[in-house]
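Numbering (our numbering), first residue to last: 107 to 310.
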Amino acid sequence: MDWQARYQVGDTPWDKGCVTPVLTELIGKNPFFFGESKRFFVPGCGFGYDALAIAETGSSVIGMDIAESAVKQAQRLESAERELSFVSGDIFELAENLYGRFDFVWEHTCFCALDPSLRSRYVEQMWKVLKQGGAVVGVFFINPDVAAGEGPPYGASREEIRALFASHFVLEWESEPKCCYEGREGREHVMLFRRLTDCREIDC
């Protein structure tokens, strides 16, 4: 998928123009995940709505997207009032200064946009950017049966997601979101995977 080309011509039907309601719900119910001492990485950040919502809790946030057009738009949200920045990049070619830097990865639409053959590498990369004790938290699409072009392109069952992350993480909790974009009811699942703290526990 040429994400840059899609953004350049405005062919972005997945973009809802606002923060996902799932994140708003999570911030309200679990405020202890957020705040001035927390650092978040947001892969596949798009126009930055979710990253902005996290930054407004006082958290430090870096959003990344492979599409430069999306990043340029998101950079308009940056200001001296919040620790929020956006960079263009490939999550499979991260700079080493990002490794071990973050408390949380916020996952929303990045995992599902990747070809399934890349999912194991995604899990490894998110393990690398997290501090010891850090976690991937996010909303996963378990039933992407939506209108053509709406996306996401690749779904995954709860069992598949658990199995993929088990190589580098421990599932700490999961839940069904009560707030969703219209039309996504019952198609999303919130999961938090805690990073295995010792590299010797895994084949890395």
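Backbone N, C-alpha and C fix where the C-beta goes; we use that ideal spot for every residue, glycine too.
For clarity, every value in this text was computed on a predicted model and none was experimentally measured.
Roughly how many angstroms separate the alpha carbons of residue i and residue j, rounded to a whole number?
i, j, result
"residue 117", "residue 231", "28 Å"
"residue 234", "residue 286", "30 Å"
"residue 288", "residue 245", "15 Å"
"residue 297", "residue 170", "21 Å"
"residue 134", "residue 175", "31 Å"
"residue 197", "residue 129", "22 Å"
"residue 239", "residue 113", "35 Å"
"residue 271", "residue 121", "26 Å"
"residue 123", "residue 155", "8 Å"
"residue 202", "residue 236", "12 Å"
"residue 292", "residue 264", "13 Å"
"residue 165", "residue 107", "31 Å"
"residue 168", "residue 110", "19 Å"
"residue 247", "residue 262", "7 Å"
"residue 180", "residue 119", "17 Å"
Just reading off the beta strand (DSSP E) that residue i is part of, what are its end residues?
i, result
"residue 212", "208-214"
Which residues share a DSSP beta bridge with residue i?
i, result
"residue 168", "147, 191"
"residue 301", "275"
If you follow the alpha helix (DSSP H) that residue i is in, where does it begin and where does it stop?
i, result
"residue 161", "155-161"
"residue 134", "127-135"
"residue 173", "Segment: none, residue 173 is in no alpha helix (DSSP H) and carries neither H nor E."
"residue 230", "225-235"
"residue 109", "109-114"
Cβ of residue i less than 8 Å from any chain B Cβ?
i, result
"residue 127", "Absence of chain B from the displayed structure is noted, only one protein chain being present."
The segment 189-201 in contact with the segment 159-168 per 3-pair CB rule at 8 Å
yes
Would you check if the segment 140-149 and the segment 206-216 touch, i.e. whether three or more CB-CB distances between them fall below 8 Å?
yes
Report the start-end ranges of each alpha helix (DSSP H) in the segment 237-299 that is 4 residues or longer and not cut off at the edges.
264-271
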